[in-house]
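Participant: Numbering (the working numbering), first residue to last: 158 to 242.
Cβ atoms here follow ideal geometry from the backbone N, Cα and C, with glycine treated the same way.
Mind having a look at this structure? Questions to follow.
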């Protein structure tokens with residue numbers, strides 16, 4: 158009985174870890190096209206704090222577009238992790 162519990166525990170850790178890794182790798186691979194530049198997440202988010210409202214608008218549109226394209230993946234990861242708790 159203890160061994161079975163240990164196996165279930167190990168499976169939950171590796172299963173959750175795999176989904177977390179998929180999320181992290183997906184976020185790292187995202188690119189946001191802002192004014193012809195392909196930016197990673199951090200520089201794209203930084204544009205949301207620009208003094209120029211037009212720069213902020215274009216950044217928010219690029220972020221929304223890229224996240225929308227990956228919505229199914231993020232939904233699957235989130236739902237799986239939520240059910241695994």
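Which of the three DSSP states, helix, strand or coil, is assigned to residue 228?
Facilitator: Locating residue 228 in the chain shown gives position 71, counting from the first residue. The answer is helix: DSSP assigns residue 228 an H, G or I state.
Participant: Looking only at its chain, what residues have a beta carbon closer than 8 Å to the beta carbon of residue 241, apart from the 5 residues adjacent to it on each side?
Facilitator: Along the chain shown, one-based indexing puts residue 241 at 84. Hits under 8 Å: 169, 172, 173 and 176.
Participant: Determine the direct distance from the alpha carbon of residue 164 to that of residue 158, and round the result to whole angstroms.
Facilitator: Sequence index remark: in the chain shown, residue 158 carries index 1 (1-based). Sequence index remark: in the chain shown, residue 164 carries index 7 (1-based). If you take the alpha carbons of residue 158 and residue 164, they lie about 10 Å apart.
Participant: Per DSSP, which residues does residue 191 bridge with? Please list them.
Facilitator: To locate residue 191, count along the chain shown from 1; it is residue 34. 194.
Participant: For residue 201, which of helix, strand or coil comes out of DSSP?
Facilitator: Reading the chain shown from its first residue, position 44 is the one you call residue 201. Residue state, collapsed to three classes: helix.
Participant: Is it right to say residue 220 is buried, meaning 16 or more other beta carbons lie within 10 angstroms of its own, or is it exposed?
Facilitator: Working through the chain shown from its first residue, we reach residue 220 at position 63. It counts as buried.
Participant: Looking only at its chain, what residues have a beta carbon closer than 6 Å to the beta carbon of residue 237, apart from the 5 residues adjacent to it on each side?
Facilitator: Stepping through the chain shown from its first residue, residue 237 is reached at position 80. 176.
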